[in-house]
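Heads up: the sequence shown begins at 7 in this note's numbering, then just goes up one per residue.
Ideal placement from N, C-alpha and C gives every residue a C-beta, glycine not left out.
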Amino acid sequence: MSITFWLVAATAAATAQAPDADAIRWRGREASAHVVADGYRLRTPEREVTIPAPRLRSETASPMFDALFALAQAELEQAKVEVIRDGAFAHGAPIPCECFETGEKWPYVWTRDVSYAADLALARLEPERTRAALRFKLGDVRNPKLPAARVVAQDTGSGGSWPVSTDRVVWFLAAESLLGDPAFAEEVWRALTDTLAHDRVYAFDPQVGLYRGETSFLDWREQSYPPWTRDDVRFIAESFALSTNVLHYRALRLAERMARGRGDARATEYARQADALRRAIDARFWREDRGLYMSYIGSAAHPVPFEAYDLLGTALVVTAGIAPPERARRALARYPHAEAGSPVIWPQQPGVAIYHNRAIWPFVSAYALRAARMTGDAGRIEHEIRSLMRGAALAGSHMENYELTTQAVRVEDGALSGPVVNSERQLWSLAGYLDMVIQGVFGLQADGQVVPKLPRALLPLLFGEREAISLRLGRRTVTLLRPRDAEGALLVAGPMQVQGDTLRVQLVGTPAAAAADAPLDAALVAPPAPDAPQVTAAGTQWRIALPAHTRLYVDGRRVAEAGATATEHLLADRGARRCLSLTRVDARGLESLHGPMRCLGPEHVLPGRGDWRWQAPRAGRYRLHLRYANPHGPINTGITAAVKRWRIACADQPVQAGPVVMPHSVRVQDSTAWTFRAAAGADCRFALEDGLNMSDLDHFARYTGGAGGESGPLNAADIQALVIEPIDAAPIDEERE
């Protein structure tokens with residue numbers, strides 16, 4: 007179809023549009039869209055945007071819907087670049103890369119952003135450029151002292167990057183649909199096996215059965231982690247995040263499939279690891295009292311539940327098929343939503359500026375839409391589609407984020423004003439809109455199947471008085487026909503007919519998913535986290551003070567609670583280490599994030615920088631960590647988290663090994679911990695072997711924003727002592743108030 011013919015058809019169709027099909031009115035603000043001779047004109051409260059005629063066309067009763075689809079394509083064209091730049095790389099000079107820039111304010115390529123954008127739409131629409139962008143985020147080990155490997159780069163981040171942050175495996179979510187190119191498939195296989203091998207050694211905790219590390223995308227710790235992590239990210243490095251573990255699960259499943267296709271014997275082991283991880287995710291993160299999957303849980307030493315939930319993690323656990331059907335349906339239905347859209351975290355945190363807190367992120371809404379399609383939640387599908395349309399229409403661009411209640415790109419609220427950072431034509435946001443149209447409305451999946459799941463409530467907007475709406479994708483057209491029935495909240499595919507390059511799909515009504523518990527209040531703000539527990543010795547017990555309205559957790563389990571009056575709790579001294587923390591509970595039953603963890607009981611401190619010797623006083627399990635300082639970068643960024651490997655040789659036992667991570671620090675602090683076993687009286691020797699960090703990759707040879715880049719690899723810390731703690735593995739059954 008020529009552009010001229012399309013313009014005539016679109017103009018004629020606009021005369022039969024439904025009320026408000028060409029405008030969005032929201033809290034005193036209005037945006038409108040109109041078909042013009044060379045495309046569309048979008049008028050927002052602040053400006054007028056001219057949108058050229060698009061390559062891919064949606065033909066509906068809503069000029070606004072169609073115009074925003076065209077806008078996403080126009081902004082995608084703007085994102086195509088030949089060079090990228092960032093102040094922290096190559097001294098800000100241009101770097102050749104035929105790829106995509108991340109947004110108007112972000113002219114660089116980051117692993118997380120480009121991977122989610124690719125999974126949503128770019129891999130489908132721009133496969134060659136997407137492959138180039140993904141290749142840019144691979145790195146070879148450049149340190150000659152380490153084994154050769156080619157892995158995905160974890161970008162600069164909390165505590166000096168990987169393995170504090172470990173969601174780089176999102177790269178494989180993007181690569182999965184680009185394996186039709188044999189050469190690229192070989193690159194993916196090499197990167198997949200090497201990356202998974204490194205993460206299994208340095209990020210996987212066999213005691214818990216999960217991968218450690220920060221939540222995916224929620225990487226500004228003050229926004230969603232306890233405030234005390236501002237100056238100490240060890241907790242983040244030791245904790246377990248839902249989204250990051252789901253991404254590892256997806257990577258393991260891809261490895262299994264690719265291995266089977268290659269006749270590689272590792273397929274069986276990848277399958278075993280994936281099966282075990284699926285079970286651990288469902289068991290560890292599900293919170294029955296809320297009907298939600300938690301965003302993250304505590305460390306192996308203190309695996310406490312957190313009153314913290316996030317929409318991306320929820321959507322990923324549903325779309326990955328990890329959540330059983332009933333839990334998937336319940337989790338998505340229970341997850342809060344405001345009138346404007348769905349918050350990326352819940353509950354909101356007190357005293358925190360708008361960014362991830364109190365915010366809608368369109369790309370996350372697009373993943374929530376995918377999850378809602380899987381569960382058949384017609385109301386959620388409609389909600390996310392309208393939210394995606396409204397945000398882009400009122401802003402005149404596919405923005406990075408919006409404030410939760412107003413859907414504004416900026417809200418003044420004193421020190422809490424925000425979003426703190428925002429950008430137009432954000433790559434993953436425009437990709438989210440493209441996916442919403444192609445898959446969310448027209449049902450065209452990545453595998454080519456057409457599986458519409460359209461809420462009947464959207465018929466007036468999208469169909470108006472029309473009998474059909476169409477999506478024209480060059481050589482293929484998908485046409486949805488108005489349902490002939492009047493029953494069923496969700497419209498799905500009935501009879502299909504192929505006419506040339508057009509697939510005509512008759513929509514038929516079906517009941518939507520049964521109603522679940524009512525969603526939670528999206529704007530609820532959690533109470534502030536309390537301080538660390540106050541403890542005094544009391545003979546063979548510890549006396550722990552519980553301020554009013556707090557809960558006490560010991561070794562990962564809730565053991566006591568104070569109501570309106572402060573109280574105390576007695577904890578038995580068993581001659582082993584006990585770890586505890588408090589939360590605060592408000593009148594609505596909403597729980598704060600945990601206060602700082604405090605550990606009690608014996609510890610053995612061995613000064614020195616390495617090659618320690620020690621005799622086990624009794625048989626059992628012990629936990630060890632280092633006291634260190636890592637001044638090689640700031641807390642919030644860099645690539646020089648120090649990463650080592652324990653070599654633990656105890657008499658009459660095989661050598662035991664495990665990782666230790668020393669993130670950037672502002673003072674002397676504890677490293678991540680590891681567990682080993684020793685027999686009574688056994689002489690043990692402890693040595694550290696070099697691990698690897700992101701500075702060991704040639705990808706970061708151009709990094710000039712801090713240590714470990716242009717100047718060469720750096721994997722070091724100032725180690726002051728080894729600390730060994732006996733672990734009490736007995737159940738908690740002796741405490742009394």
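**Item:** Proximity winner among PHE75, ARG206, TRP652, SER245, relative to TRP680 (alpha-carbon distances)
**Value:** TRP652
**Request:** Keeping to the same chain, check which residues put their C-beta closer than 6 Å to that of THR589; ignore five residues upstream and five downstream.
**Result:** ARG557, GLU597, SER598, HIS600
**Prompt:** Taking all protein chains shown into account, do 16 or more other C-beta atoms lie within 10 angstroms of the C-beta of LEU612, making it buried, or fewer, making it exposed?
**Reply:** exposed
**Item:** 4-residue-minimum alpha helix (DSSP H) runs that sit fully inside the segment 66 to 97, ordered along the chain
**Value:** 69 to 85
**Message:** Once DSSP output is grouped into helix, strand and coil, what is the label at MET502?
**Reply:** strand
**Item:** Proximity winner among VAL427, VAL514, TYR46, relative to PHE71 (alpha-carbon distances)
**Value:** TYR46
**DSSP beta-bridge partners of PRO461** = LEU496
**Item:** Residue span of the beta strand (DSSP E) that contains TYR46, given as start and end
**Value:** 45 to 49
**Message:** Taking the beta strand (DSSP E) that MET668 belongs to, which residues open and close that run?
**Reply:** 662 to 668
**Asked** Under three-state DSSP, which class holds TYR628?
**Response** strand
**Request:** State whether the segment 350 to 369 contacts the segment 416 to 423, with contact taken as three or more CB pairs (one from each stretch) at a distance under 8 Å.
**Result:** yes
**Prompt:** Between ARG633 and VAL729, which are expected to be in contact by the criterion C-beta below 8 Å, what is the C-beta distance as a whole number of angstroms?
**Reply:** 6 Å
**Item:** Backbone CA spacing between PHE692 and ILE725 [nearest angstrom]
**Value:** 14 Å
**Request:** Could you tell me how far apart the beta carbons of PRO615 and GLU731 are, in whole angstroms, since I believe they sit closer than 8 Å?
**Result:** The sequence shown places Arg at residue 615, not Pro. Rounded, the Cβ-Cβ distance is 20 Å, inconsistent with contact.
**Asked** Per DSSP, VAL511 forms a beta bridge with which residues?
**Response** LEU486, MET502
**Request:** Determine the contact status of MET264 and TRP367, defining contact as a CB-CB distance below 8 Å.
**Result:** no
**Item:** Contacts around LEU283, its chain only, beta-carbon distance under 6 Å, and the 5 residues preceding and following it disregarded
**Value:** TYR255
**Request:** Report buried or exposed for PHE11, applying the criterion of at least 16 other Cβ atoms within 10 angstroms of its Cβ.
**Result:** Any reading at PHE11 must be qualified, since the residue scores a pLDDT of 28, below 50, and its modelled position is unreliable; the value itself is stated next. It counts as exposed.
**Request:** Let me know the secondary structure DSSP gives TYR408 once reduced to three states.
**Result:** strand
**Request:** Enumerate in chain order the residues of its own chain whose CB-to-CB distance from LYS528 is below 6 Å, with the five nearest sequence positions on each side excluded.
**Result:** Going by the sequence as given, residue 528 is Ala instead of Lys. Once the five neighbours on either side are set aside, the close Cβ partners of ALA528 are PRO342, HIS343, ALA344, PRO349.
**Request:** Compute the Euclidean distance between the alpha carbons of TRP168 and SER222, then round it to the nearest angstrom.
**Result:** 12 Å
**Prompt:** Hey, how far is the Cα of ARG472 from the Cα of ARG510?
**Reply:** 15 Å
**Message:** Rounded to whole angstroms, what is the Cα-Cα separation between PRO737 and PHE241?
**Reply:** Here the model assigns PRO737 a pLDDT of 35, short of 50, so the residue's position is not dependable, and the following value carries that caveat. Going by the C-alpha atoms only, they are around 24 Å apart.
**Asked** Can you tell me whether DSSP reads ILE747 as helix, strand or coil?
**Response** The structure shown does not extend to residue 747, since the chain is modelled only from 7 through 743, so no value can be given for it.
**Item:** Neighbourhood of LEU477 by C-beta, 6 Å cutoff - its chain only, sequence neighbours within 5 removed
**Value:** SER64, PHE448, VAL484
**Item:** Unbroken alpha helix (DSSP H) run spanning VAL427, endpoints
**Value:** Where VAL427 is concerned, there is no enclosing alpha helix (DSSP H), given that its DSSP letter is neither H nor E.
**Message:** Based on DSSP bridge pairs, tell me the residues matched to TYR361.
**Reply:** BP columns for TYR361 are empty, so no partner.
**Prompt:** Given that a residue counts as buried once 16 or more other Cβ atoms are within 10 Å of its Cβ, and exposed if not, what is PRO102?
**Reply:** exposed
**Asked** Are ALA499 and VAL456 closer than 8 Å when you measure CB to CB?
**Response** yes
**Request:** Check the DSSP bridge columns for HIS40 and list the partner residues they point to.
**Result:** ARG47
**Message:** Excluding the 5 residues flanking TYR361 on each side, which residues of the same chain have their C-beta closer than 8 Å to its C-beta?
**Reply:** TRP226, GLN229, ASN407, GLY424, PRO425, VAL426, VAL427
**Cβ pair count under 8 Å reaching 3, the segment 328 to 343 against the segment 603 to 610** = no
**Prompt:** Span of the beta strand (DSSP E) holding ILE391?
**Reply:** No beta strand (DSSP E) holds ILE391; the alpha helix (DSSP H) holding it covers 384 to 401.
**Request:** In angstroms with no decimal places, state the Cα-to-Cα distance between GLU275 and ARG156.
**Result:** 21 Å
**Request:** Determine the contact status of VAL252 and GLY165, defining contact as a CB-CB distance below 8 Å.
**Result:** no
**Item:** Cβ neighbours of PRO133 in the same chain (closer than 7 Å, five flanking residues each side left out)
**Value:** LEU184
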